[in-house]
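Chemist: Pasting a structure below so you can have a look.
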Amino acid sequence: MSVASNDGSRLAVRGLRAGYHGFEVVQGLDLEAEPGVTVVLGPNGAGKTTLLKALAGLLPRRGEALLDGVALPAGDATACVRRGMALVAEGRQLFAQMTVTENLELGGWLVPAALRAERLARAFDDFPRLRERARQLAGTMSGGEQQMVAVARAMMSGPRLLMLDEPSLGLAPRMVDELLAIVRRIADQGVTVLMVEQNVRKALQAADRGYVLERGRIVAAGEARALLDSDAVRQAYLGVA
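Heads up: the sequence shown begins at -10 in our numbering, then just goes up one per residue.
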């Protein structure tokens, strides 16, 4: 996986508050994402997507968010991308009537044309299946292939922090495994990953550390393996009595 050359970035979040139309969904949240994969778990409505949108500049927020010690601008998505953050939104949000190549090129619209072309070539090296479908309309691809396009498009901006919102949603088990292997590979080669997931078992198996979010607050945190073995997490999310 060809990624920006770095030793892994660190995200530090302190007292984050965010919501919609005056209703606060995330309530004073503290979180850290270190080099590797950090996963945020929790039921529907817990505030997971709100957290990622607030960090990505798509929602107003209060509190502090630092990437490598530098404050991330609140409410400015373009500035967040320039600072080294990329978000793969839930549902992939591709341009269905555009080709794979066109979708990927849009991911690099903030960088010079020569660098964009270089990253496009790397994306096709990293995702050979997308090279085969370079001229195919994104809307005609399978769900798993579309998710690959969404991740590759995010990587076109050269992020230091990649955020993924429910990347396994609606995918077949085999495709979930393939996608999480790609995420692991991205992290292992220098991009810090913050991932929201509802597939608790597979997410924790792929991650280094995790947080459990309920009603806008962190209720558990620790190494991924410890959370996977936790009785509370197993009972609440894995259906283990």
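Glycine included, every Cβ here is placed at the ideal spot set by N, Cα and C.
For clarity, every value in this text was computed on a predicted model and none was experimentally measured.
#1: Could you have a look at Arg111 and say whether DSSP puts it in helix, strand or coil?
#2: Taking the alpha-carbon of Asp(-4) as reference, which of Ala176, Glu186, Lys191, Val222 has the nearest alpha-carbon?
#3: Would Asp114 be called buried (16 or more neighbouring beta carbons within 10 Å of its own) or exposed?
#4: Leaving out five residues on either side along the sequence, give the residues of the same chain with a beta carbon under 6 Å from the beta carbon of Ala(-7).
#5: When the Cα atoms are used, what is the spatial distance from Glu53 to Leu104?
#6: Under 8 Å, do Val89 and Ala139 count as touching if we go by C-beta distance?
#7: I need the straight-line Cα distance from Arg118 to Ile171, nearest angstrom please.
#8: Mind listing, in chain order, the continuous alpha helix (DSSP H) runs of no fewer than 4 residues lying wholly within the region 138 to 204?
#9: Pick from Phe12, Pro24, Ala7, Gly8: whose alpha carbon is nearest that of Ser(-2)?
#10: Pick from Leu20, Val28, Ala35: whose alpha carbon is nearest that of Val14?
#11: Give a yes or no on contact between the region 63 to 74 and the region 31 to 49, applying the rule of three or more CB pairs nearer than 8 Å.
#12: Going straight from the alpha carbon of Gln125 to that of Gly4, what length do you get?
#13: Counting Cβ pairs closer than 8 Å, one from the region 154 to 171 and one from the region 183 to 201, do we hit at least three?
#14: Using only alpha-carbon positions, find the residue among Pro32, Arg6, Val180, Gly211 that is nearest to Gly42.
#15: In terms of residue numbering, what span does the alpha helix (DSSP H) encompassing Val100 cover?
#16: Please report the straight-line C-alpha distance between Thr129 and Gly211, rounded to a whole angstrom.
#17: From the DSSP output, read off the bridge partner residues of Phe12.
#18: Val26: beta carbon under 7 Å from a heavy atom of the ligand GDP?
#19: Along the chain, where does the beta strand (DSSP E) containing Glu212 start, and where does it finish?
#20: How is Gly(-3) classed by DSSP in three states: helix, strand or coil?
#21: Is Gln135 buried or exposed, if buried means 16 or more other CB atoms sit within 10 Å of its CB?
#22: Where does Asp218 sit, in a helix, a strand or coil, going by DSSP?
#23: Given this structure, state the Cα-to-Cα distance separating Leu109 from Met74, to the nearest angstrom.
#24: Among residues of its own chain, excluding the 5 on either side of Leu40, which ones have a beta-carbon nearer than 6 Å to its beta-carbon?
Modeler: Short version:
#1: Looking at Arg111 - three-state DSSP - the assignment turns out to be helix.
#2: For Asp(-4), the nearest C-alpha among the options comes from Ala176.
#3: Classification for Asp114: exposed.
#4: Confidence is the limiting factor: at Ala(-7) the pLDDT is only 41, short of 50, which leaves the residue's position unreliable and the question unanswerable from this model.
#5: Going from the Cα of Glu53 to the Cα of Leu104 covers about 32 Å.
#6: Cβ distance not < 8 Å, so Val89 and Ala139 don't count as in contact.
#7: Cα-Cα distance, rounded: 13 Å.
#8: Within the region 138 to 204, the complete alpha helix (DSSP H) runs of at least 4 residues are 162 to 177, 189 to 195.
#9: Ser(-2) has its Cα closest to that of Pro24, out of Phe12, Pro24, Ala7, Gly8.
#10: For Val14, the nearest C-alpha among the options comes from Ala35.
#11: Judged by Cβ distances under 8 Å, the region 63 to 74 makes contact with the region 31 to 49, as three or more pairs qualify.
#12: About 44 Å.
#13: Flag = yes, the region 154 to 171 and the region 183 to 201 touch.
#14: Just to set this straight, residue 42 is Lys in the shown sequence, not Gly. Shortest Cα-Cα distance from Lys42 to any of Pro32, Arg6, Val180, Gly211 involves Arg6.
#15: That residue, Val100, is in no alpha helix (DSSP H); it is neither H nor E in DSSP.
#16: Distance between the alpha carbons of Thr129 and Gly211 is about 40 Å.
#17: Note: Phe12 sits in a beta bridge opposite Tyr9.
#18: Only the bare structure without any ligand can be found here, which leaves the ligand GDP out of the picture.
#19: Counting along the chain, the beta strand (DSSP E) containing Glu212 begins and ends at 206 to 212.
#20: Residue state, collapsed to three classes: coil.
#21: So Gln135 ends up on the buried side.
#22: In the structure shown, Asp218 falls within a helical segment according to DSSP collapsed to helix, strand and coil.
#23: Those two C-alpha atoms are separated by around 18 Å.
#24: Counting only residues of its own chain and dropping the five nearest sequence neighbours on each side, Leu40 has a CB closer than 6 Å to the CB of Val15.
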